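S.K.: I'd like to ask you about the structure that follows.
So this is what it looks like as structure tokens:
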């Protein structure tokens, strides 16, 4: 069986994702598709719109055969770490290829850029430090350094584009991990990654879909034409049973509690709280009535919004520097946590089982792992927005819930 | 001016308190009365029914001249530490006497017991350890040791009674601090300390009054005959403006967050989390939907309910062992924080000001003190039950609010 890996958040699964999935299958001729998907908190440092279980259902009912959770230790990190963890899981599951969306759309440009950066690493790093010294954020400094390095070459990869950056790190991780994964890419079409407005195509960015859902809570009809039918049904079902979608404002009380009931030195132990930010956090929180107000006041040229949101996520989940650095330093996942599978996916797992070196977890009860503790804590935090008994049920099901099973012939969950 | 000190919680100020106050004034012939009062969290390890500011108003309008906050570092502790902090403040304010309520009602019995315990300290401590070894809680073991020591003497002080225990520690603290405070006591009449039922006298326990207020939220009429008119008005005002009284269930979400988003070793750093309780906390919290359910499941013969509630308060306020032990080891307050005063109280403060060695704080903005940080954090936590903007206003006013001033001639707040 020819296997393809994709790296996703599906927040929520929309027509653009379906297009990418269909094209990736066509391009690679894959028989089975594995998605490594972020859990309850995402790379931009925010809670997912709906839980990982509902997003797993969206994935399975739209053509994914196996959904595996990207551990929190990678999912809520900058592109380089996010990519390393993702690639380690797809390699671990013996995928033949990985296909990612990019603004560039041509894999050779990525390979060429990796070679160029390998050759000029020292010069690049010096330039990055120089731009940081000028007050730029790390991602911006990296982009500027890269532009400077390549200003006189025929280099065409635009590393200011978010999906090109991710793609670059996927290919780099494949090299570093000496993985046999074959990378390929598909050009992203339609709406830009962060485009907040709808247009007249059936493709809208996840950002615009989420924005719409929050602006018109309770009325999901307007996003219907941008998502597959199954996604629409699952969104409606979530709203009906859970009551609302998840957003940062739901967790603002807990963040306020965390920040105002910690000493500056306790805050400084949290991952990503760097360079005196601890005092700024306390000072800013005292004057902020909403998460948005807090973030707006916290923002400086020095840090991107995303970087600060990730820091807030780590504050919320009480993720400390020492633990995070210890856990993510290997750049590889310690386990493969199954969230769901189709019949085809299940068959594939049987075939490769003996070759897989990482433990495949169907349930997490009884497993000892600092990396896994973070995922459990992320779910505990994510569930706290609900009243009892829902939140306790969610916390307990994190341990007991088996992977979701899907019969793709019937189109039904088992 | 002859000055009298009382040590109070006024949760809320009721007819029994008024009786004690009137009798104490009569007995000591005092011109001015100073109350050292617990802040937002109380000795039984629970949030006060209404804020310290409203309780200050209750005190002033019922005959107290100066209200000073007992710092969190003493207010949420066992009798011995609670008493030390309280006595240090009354001594610091040059009080001539202190008068406390007790089941015993005769100060000579307290003095005699102190002498007996001084003589037999070693034997007593051995007996305590013996009873703890048999699985008794510390307070129960102390009572039993004391009973055993005195079984053949004519000792009459019953140290199983809560107010006798407190009184014993007040007198002991006066001795230890070589204070010139003259102790006296008045026999408590009417309802017992913990009596949850009303009877036909105008005196009901604070416990029964609180229970009634929570059982019939929004209907405070039934407690009217047990509290002075000003208390009744202030309770009504609080309910109207703040929306509800404070109870542990209001903070259960935050406690759940604290416990389920901490590692066992982080929990073990919290004051009063002893002897493997950290794992029991996590395990029990996972299965509990309310604070009451949590406490009931947590309770063992080894610990009293109060001891466990105090531990929960320290978890809630993130009070760590090292800080608490460091701050409370001196057994004396570092400052005198004024919450309110009458004209007479203000006059008294002017008279004694030059003799007072501790700093008298009218506002806390800009003051550096670990002990004071705990009080501020207690208010931050206490305020979190409200939605914005109320909670932020409360947090900010902790820094900016001057002491409440009361004109006793007019019966009006200034």
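Protein chains in written order, with the working numbering: chain D, 1233 to 1646; chain B, 1233 to 1646.
Cβ atoms here follow ideal geometry from the backbone N, Cα and C, with glycine treated the same way.
Remember, it's a predicted structure, so these values are computed and weren't measured experimentally.
Return yes when the Cβ of residue 1282 of chain D is within less than 9 Å of the Cβ of residue 1477 of chain D, no when it is not.
M.R.: Yes. Within cutoff.
S.K.: Tell me the DSSP bridge mates of residue 1639 of chain D?
M.R.: Beta-bridge pairing links residue 1639 of chain D to D:1644.
S.K.: For a contact defined as C-beta to C-beta under 7 Å, what are the partners of residue 1493 of chain B on chain D?
M.R.: Within 7 Å Cβ-Cβ: 1549, 1550, 1609, 1612 and 1613.
S.K.: Looking at chain B, which residues of the region 1474-1491 of chain D have a Cβ within less than 9 Å of any of its Cβ atoms?
M.R.: Listed by position along the chain: 1484, 1485, 1486, 1488, 1489 and 1490.
S.K.: Since residue 1616 of chain D meets chain B, which of its residues come closer than 9 Å, beta carbon to beta carbon?
M.R.: Going along chain B in sequence order, the residues near residue 1616 of chain D (Cβ under 9 Å) are 1485, 1488, 1489, 1492 and 1493.
S.K.: With DSSP run on the structure shown, which of helix, strand or coil describes residue 1279 of chain D?
M.R.: It is a strand residue.
S.K.: Count the other C-beta atoms from every protein chain shown that fall within 10 angstroms of the C-beta of residue 1641 of chain D, then say buried if there are 16 or more, exposed otherwise.
M.R.: By the 10 Å Cβ count, residue 1641 of chain D comes out exposed.
S.K.: Just to confirm before moving on: does the CB-CB distance between residue 1321 of chain D and residue 1590 of chain D stay below 9 Å?
M.R.: Cβ atoms of residue 1321 of chain D and residue 1590 of chain D: closer than 9 Å.
S.K.: Going by DSSP, which residues form a beta bridge with residue 1552 of chain B?
M.R.: DSSP lists B:1502 as partners of residue 1552 of chain B.
S.K.: Chain D partners of residue 1627 of chain B, CB-CB under 8 Å?
M.R.: Within 8 Å Cβ-Cβ: 1492 and 1518.
S.K.: I want to verify the contact list: residues of chain B whose CB lies under 7 Å from the CB of residue 1521 of chain D, in sequence order.
M.R.: 1620, 1621 and 1624, listed in chain order.
S.K.: Relative to the alpha-carbon of residue 1587 of chain B, which residue among B:1540, B:1366, B:1323 and B:1532 has its alpha-carbon at the smallest distance?
M.R.: Here the closest residue by C-alpha is B:1323.
S.K.: Among D:1315, D:1276, D:1529 and D:1370, which residue has its Cα nearest to the Cα of residue 1565 of chain D?
M.R.: Comparing Cα-Cα distances from residue 1565 of chain D to each of D:1315, D:1276, D:1529 and D:1370, the minimum goes to D:1315.
S.K.: Does the beta carbon of residue 1350 of chain D sit closer than 9 Å to a beta carbon anywhere in chain B?
M.R.: It does not; no Cβ of chain B falls within 9 Å.
S.K.: Between residue 1317 of chain D and residue 1306 of chain D, how many whole angstroms is the CB-CB distance? I'm expecting something under 8 Å.
M.R.: About 3 Å; that satisfies the 8 Å criterion.
S.K.: Can you give me the Cβ contacts of residue 1535 of chain D inside the same chain, cut-off strictly under 7 Å, excluding the 5 residues immediately before and after it?
M.R.: 1369, listed in sequence order.
S.K.: Closer than 9 Å, CB to CB, is residue 1498 of chain D near chain B or not?
M.R.: By this cut-off, residue 1498 of chain D is an interface position.
S.K.: Using the C-alpha atoms, what's the distance from residue 1377 of chain D back to residue 1352 of chain D?
M.R.: Roughly 11 Å between the two C-alpha positions.
S.K.: How is residue 1619 of chain D classed by DSSP in three states: helix, strand or coil?
M.R.: Coil.
S.K.: So what does DSSP say about residue 1269 of chain D, is it helix, strand or coil?
M.R.: Of the three classes helix, strand and coil, the one that applies to residue 1269 of chain D here is strand, per DSSP.
S.K.: Going by CA-CA distance only, name the one from D:1381, D:1362, D:1319 and D:1372 that's closest to residue 1347 of chain D.
M.R.: Here the closest residue by C-alpha is D:1381.
S.K.: Grouping DSSP H, G and I as helix and E and B as strand, with all else coil, what is residue 1463 of chain D?
M.R.: Residue state, collapsed to three classes: helix.
S.K.: Distance check for residue 1484 of chain B and residue 1442 of chain D, CA to CA, integer angstroms please.
M.R.: Distance between the alpha carbons of residue 1442 of chain D and residue 1484 of chain B is about 31 Å.
S.K.: Using a Cβ-Cβ distance cut-off of 9 Å, determine whether residue 1205 of chain D contacts chain B.
M.R.: An answer regarding residue 1205 of chain D cannot be provided, because it is not within the stretch 1233 to 1646 covered by chain D.
S.K.: Answer with yes or no whether the minimum CB distance from residue 1447 of chain B to chain D is below 9 Å.
M.R.: So no, residue 1447 of chain B is outside the interface.
S.K.: Quick check on residue 1605 of chain B - is its C-beta less than 9 Å from some C-beta in chain D?
M.R.: Yes, residue 1605 of chain B counts as interfacial toward chain D.
S.K.: Comparing alpha-carbon positions, which option in D:1416, D:1310 and D:1628 lies nearest residue 1374 of chain D?
M.R.: Closest by alpha carbon: D:1310.
S.K.: Counting only the same chain and skipping the five closest in sequence on each side, list residues whose C-beta sits under 7 Å from that of residue 1292 of chain D.
M.R.: So the list reads 1299, 1572, 1574, 1636 and 1638, once near-sequence residues are dropped.
S.K.: Start and end of the alpha helix (DSSP H) containing residue 1439 of chain D?
M.R.: Where residue 1439 of chain D is concerned, the enclosing alpha helix (DSSP H) stretches over 1438-1447.
S.K.: Using beta carbons (cut-off 9 Å, strictly below), is residue 1350 of chain D in contact with chain A?
M.R.: Structure shown: chain A not included; protein chains present are D and B.
S.K.: Go ahead and pull the three-state DSSP assignment for residue 1588 of chain B.
M.R.: Coil, per DSSP.
S.K.: For residue 1573 of chain B, which beta-bridge partners are listed by DSSP?
M.R.: Answer is B:1298 and B:1637.
S.K.: Can you look up residue 1477 of chain D in the DSSP assignment and give me helix, strand or coil?
M.R.: If DSSP states are grouped into helix, strand and coil, residue 1477 of chain D belongs with coil.
S.K.: Within the continuous alpha helix (DSSP H) that includes residue 1398 of chain D, where are the two ends?
M.R.: Start and end: 1394-1408.
S.K.: Would you call the region 1485-1502 of chain D in contact with the region 1515-1535 of chain D, where contact means no fewer than 3 C-beta pairs closer than 8 Å?
M.R.: A contact exists between the region 1485-1502 of chain D and the region 1515-1535 of chain D.
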